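J.: Before I ask anything, here is the structure I am working with.
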Amino acid sequence: SVAKRAAAEVAQHDKVPRPVGFVPPPPPCPGKIRHFKI
Amino acid sequence: APTAPPPPLGCDDPESEAAAEFAVNYINGHSHHGYKFALNRIEQVRVLPQGPNNEILFLELDLLETTCHILNPIPLANCSVRIFEEHAVEGDCDVKLQKLNGQFSVLASKCHSHADSAEDVRERCPDCPLLAKLNDTDVLATVSSALNDYNSKTPDAYLRLLEIGRAVKQYHPVRMVSVEFAVAATNCTSQQAKDNLGACQLLPEDQSNFGFCTATVVTEPSQDFTVKCQLYGHQPGVTYPHSGQDTS
Numbered sequence: 365s366v367a368k369r370a371a372a373e374v375a376q377h378d379k380v381p382r383p384v385g386f387v388p389p390p391p392p393c394p395g396k397i398r399h400f401k402i
Numbered sequence: 030a031p032t033a034p035p036p037p038l039g040c041d042d043p044e045s046e047a048a049a050e051f052a053v054n055y056i057n058g059h060s061h062h063g064y065k066f067a068l069n070r071i072e073q074v075r076v077l078p079q080g081p082n083n084e085i086l087f088l089e090l091d092l093l094e095t096t097c098h099i100l101n102p103i104p105l106a107n108c109s110v111r112i113f114e115e116h117a118v119e120g121d122c123d124v125k126l127q128k129l130n131g132q133f134s135v136l137a138s139k140c141h142s143h144a145d146s147a148e149d150v151r152e153r154c155p156d157c158p159l160l161a162k163l164n165d166t167d168v169l170a171t172v173s174s175a176l177n178d179y180n181s182k183t184p185d186a187y188l189r190l191l192e193i194g195r196a197v198k199q200y201h202p203v204r205m206v207s208v209e210f211a212v213a214a215t216n217c218t219s220q221q222a223k224d225n226l227g228a229c230q231l232l233p234e235d236q237s238n239f240g241f242c243t244a245t246v247v248t249e250p251s252q253d254f255t256v257k258c259q260l261y262g263h264q265p266g267v268t269y270p271h272s273g274q275d276t277s
């Protein structure tokens with residue numbers, strides 16, 4: 365069916381590998397720990 | 030078509046860090062007790078746009094106690110965060126700021142501080158001393174002995190206790206009490222204080238000398254007693270009640 369084919373294409377598209385050297389952005393919060401966490 | 034809203038501000042974005050630095054300076058600048066606190070982590074940041082070049086920021090900050098007393102004039106950047114092994118103290122702060130034409134101002138702030146749990150310290154450092162209550166009998170006795178000892182050996186202005194900043198006790202492998210306390214100079218010499226302590230008053234604000242002392246008493250396996258005091262000099266804009274506790 366059309367619906368199944370479209371879903372499969374989307375799934376294939378998601379499997380495109382990231383470029384070499386790609387670093388995912390850090391989560392916006394919380395930020396980095398500067399000293400230590402207690 | 031309406032323009033897309035800007036991406037949410039991240040906790041490590043330069044604007045968040047600038048706001049947090051401003052907030053920490055505000056918090057330290059408006060505290061007259063205890064120690065300066067340094068930024069450890071920005072936990073959360075939210076921005077409410079108010080109009081052109083005008084926004085409200087809500088920050089949740091995680092701070093750590095430094096070794097600098099709040100009266101110490103050296104900049105926060107030169108203060109060391111108290112290490113974990115000294116039983117660290119954390120501060121949690123909620124701060125509301127306004128950023129208007131690039132200038133920050135603090136509209137409200139609320140902070141709570143709490144020491145690391147004894148279990149946490151014990152787990153990672155079994156022999157580290159733990160924080161003691163400031164009204165602990167041994168702590169009060171150590172502060173009293175230290176101040177009396179310092180005053181008896183120093184002919185200059187007689188020092189009075191402003192506040193005890195922290196104290197730790199240890200039972201193994203040595204038995205010891207270590208204290209830190211803030212002091213202020215009076216208008217008396219040590220000899221005058223010995224003759225008539227009641228007449229000794231803290232120096233007026235424009236002449237006042239504040240300082241900070243550390244003392245350690247070891248009772249086992251051998252006895253040892255050390256006292257060190259450092260006077261900061263005049264601190265404009267800082268006042269302490271003249272009815273401060275005196276250990277003499």
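Taken in sequence, the protein lines are chains A and B.
Under the working numbering, the first residue of the first sequence is numbered 365, with each subsequent residue one higher.
Under the working numbering, the first residue of the second sequence is numbered 30, with each subsequent residue one higher.
Glycine included, C-beta positions come from ideal geometry on N, C-alpha and C.
None of the values given here were measured: they were computed from a predicted structure.
Just how far apart, CA to CA, sit B:Ser174 and B:Glu115?
T.: On the second sequence, position 145 is the one that residue 174 of chain B refers to. On the second sequence, position 86 is the one that residue 115 of chain B refers to. B:Ser174 and B:Glu115: Cα-Cα distance of roughly 23 angstroms.
J.: Any idea which residues DSSP pairs B:Ser134 with across the strands?
T.: One-based indexing of the second sequence puts residue 134 of chain B at position 105. DSSP output for B:Ser134 lists B:Gln127 as bridge partner(s).
J.: Under three-state DSSP, which class holds B:Ala117?
T.: Reading the second sequence from its first residue, position 88 is the one you call residue 117 of chain B. Looking at B:Ala117 - three-state DSSP - the assignment turns out to be coil, as it is neither helix nor strand.
J.: Within this structure, are the beta carbons of B:Arg70 and A:Ile402 separated by less than 7 angstroms?
T.: On the second sequence, residue 70 of chain B is found 41 positions in, with the first residue counted as 1. On the first sequence, residue 402 of chain A is found 38 positions in, with the first residue counted as 1. No, the pair does not count as a contact, with Cβ atoms beyond the cut-off.
J.: Excluding the five sequence neighbours on either side, which residues of its own chain have a C-beta within less than 7 angstroms of the C-beta of B:Glu84, listed in chain order?
T.: Reading the second sequence from its first residue, position 55 is the one you call residue 84 of chain B. Val76, Leu77, Pro78, Lys128, listed in sequence order.
J.: What residues of chain B sit near A:Pro383, judged by a beta carbon separation below 7 angstroms?
T.: Residue 383 of chain A sits at position 19 when you count from the first residue of the first sequence. Going along chain B, no residue has its Cβ under 7 angstroms from A:Pro383, so there is no contact; the nearest lies around 21 angstroms.
J.: CA-CA distance, B:Asp167 and B:Ser45?
T.: Taking the first residue of the second sequence as position 1, residue 167 of chain B is located at position 138. Taking the first residue of the second sequence as position 1, residue 45 of chain B is located at position 16. In a straight line, the C-alpha of B:Asp167 is about 44 angstroms away from that of B:Ser45.
J.: Under the three-state reduction of DSSP, which class applies to B:Asn107: helix, strand or coil?
T.: Counting from 1 along the second sequence, the entry for residue 107 of chain B is found at position 78. Of the three classes helix, strand and coil, the one that applies to B:Asn107 here is helix, per DSSP.
J.: Any beta-carbon of chain B closer than 7 angstroms to the one on A:Lys396?
T.: Along the first sequence, read from residue 1 onward, the residue named residue 396 of chain A stands at position 32. It does: the Cβ of A:Lys396 has a partner Cβ on chain B nearer than 7 angstroms.
J.: Verify the contact flag: B:Ala144, CB atom, against every heavy atom of the ligand COA, threshold strictly below 6 angstroms.
T.: Absence of the ligand COA is noted for the structure shown, with no ligands found whatsoever.
J.: Below 6 angstroms CB to CB, which residues in the same chain sit around B:Lys125 once its five sequence neighbours on both sides are set aside?
T.: For the purposes of this step, residue 125 of chain B is taken as the residue at position 96 of the second sequence. Correct list, in chain order: Phe87, Leu136, Ala137.
J.: Report yes if the CB atom of B:Arg282 is closer than 7 angstroms to the CB atom of B:Ala213, and no otherwise.
T.: Examination of residue 282 of chain B is not possible in this model, given that chain B is present from 30 through 277 alone.
J.: When you compare the CB of B:Pro37 with every CB in chain A, is at least one pair closer than 7 angstroms?
T.: Mapped onto the second sequence, residue 37 of chain B falls at position 8. Chain A contact via Cβ: present.
J.: Classify A:Phe386 as helix, strand or coil using the three-state DSSP reduction.
T.: For this step, residue 386 of chain A is matched to residue 22 along the first sequence. If DSSP states are grouped into helix, strand and coil, A:Phe386 belongs with coil.
J.: Short check: CB of B:Leu93 to CB of B:Cys122, under 7 angstroms?
T.: Sequence index remark: in the second sequence, residue 93 of chain B carries index 64 (1-based). Sequence index remark: in the second sequence, residue 122 of chain B carries index 93 (1-based). No.
J.: Could you check whether the segment 218-227 of chain B touches the segment 237-246 of chain B, counting it as contact only if at least three pairs of C-beta atoms, one from each stretch, sit closer than 8 angstroms?
T.: No, they do not touch.
J.: Within the 7 angstroms Cβ cut-off, does B:Phe113 reach chain A?
T.: As a working mapping, residue 113 of chain B is identified with position 84 in the second sequence. Yes, its Cβ sits closer than 7 angstroms to a Cβ of chain A.
J.: With a threshold of 7 angstroms between beta-carbons, can B:Val110 be considered close to chain A, or not?
T.: The sequence position of residue 110 of chain B within the second sequence is 81, counting from 1. Chain A contact via Cβ: present.
J.: Buried or exposed: B:Phe239, going by 16 or more other Cβ atoms within 10 Å of its Cβ?
T.: Against the second sequence, residue 239 of chain B aligns to sequence position 210. Classification for B:Phe239: buried.
J.: Leaving out five residues before and five after B:Val150 in sequence, what residues of the same chain have Cβ atoms less than 7 angstroms from its Cβ?
T.: As a first step, residue 150 of chain B must be located in the second sequence, where it is residue number 121. Cβ within range, chain order: His116, Cys157, Leu159.
J.: Taking 7 angstroms as the threshold (beta carbon to beta carbon), is B:Asp123 in contact with chain A?
T.: The count along the second sequence starts at 1 and reaches residue 123 of chain B at position 94. No, B:Asp123 does not count as interfacial toward chain A.
J.: What's the gap between the Cα of B:Thr183 and the Cα of B:Ser219?
T.: By 1-based counting over the second sequence, the position of residue 183 of chain B is 154. By 1-based counting over the second sequence, the position of residue 219 of chain B is 190. If you take the alpha carbons of B:Thr183 and B:Ser219, they lie about 7 angstroms apart.
J.: Roughly how many angstroms separate the alpha carbons of B:Pro31 and B:Pro81, rounded to a whole number?
T.: Here the question's residue 31 of chain B lines up with position 2 in the second sequence. Here the question's residue 81 of chain B lines up with position 52 in the second sequence. In a straight line, the C-alpha of B:Pro31 is about 16 angstroms away from that of B:Pro81.
J.: Mapping DSSP to helix, strand and coil, what is B:Gln73?
T.: Position 44 of the second sequence, counting from 1, holds the residue named residue 73 of chain B. B:Gln73: strand per DSSP, three-state reduction.
J.: Assuming B:Leu169 is part of the alpha helix (DSSP H), what are its boundary residues?
T.: Taking the second sequence and counting its residues from 1, the one referred to as residue 169 of chain B is at position 140. Note, B:Leu169: alpha helix (DSSP H), 166-182.
J.: Hey, could you find the ends of the alpha helix (DSSP H) B:Arg151 is sitting in?
T.: Locating residue 151 of chain B in the second sequence gives position 122, counting from the first residue. Counting along the chain, the alpha helix (DSSP H) containing B:Arg151 begins and ends at 147-153.
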